[in-house]
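Start counting at 1 in the sequence shown, then tack on 6, and there's your number in this note's numbering.
Glycine included, C-beta positions come from ideal geometry on N, C-alpha and C.
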Amino acid sequence: MAIPNVKRFRPFCPTCNDYFTLMAVLPKEVDVDAYVKDAVNRHDHKAFQESKQQMFKIRVGQQKQKKAK
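So this is what it looks like as structure tokens:
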């Protein structure tokens, strides 16, 4: 079940050179552009890159183990 007030933003991070997803519930009187700009400044580049590497990890295949007789 989804939360109806959640807004999804896709800001661009110039350091990572990629877009990332940001989901937030914001009050009506907040400046959205300022919030997104601040979120890009607070973006954790290292954790974002590591999570992308784990998601798209190429799996070569499992080697069969030989049984010792």
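{"Item": "Beta-ladder partner(s) of LEU28, from DSSP", "Value": "PHE15"}
{"Item": "Residue nearest to PHE2 in terms of C-alpha spacing, selected from GLN60, HIS49, GLN59, ALA53", "Value": "Residue 2 falls outside the range modelled here, since the chain spans only 7 to 75, and no answer is possible."}
{"Item": "Supposed close pair CYS22, GLN55 - CB separation, criterion 8 Å", "Value": "7 Å"}
{"Item": "N-terminal and C-terminal residue of the alpha helix (DSSP H) that GLU56 is part of", "Value": "51 to 61"}
{"Item": "Neighbourhood of VAL76 by C-beta distance below 7 Å, restricted to the same chain and skipping five residues each side", "Value": "Nothing about residue 76 can be reported from this structure: the residues present for the chain run from 7 to 75 only."}
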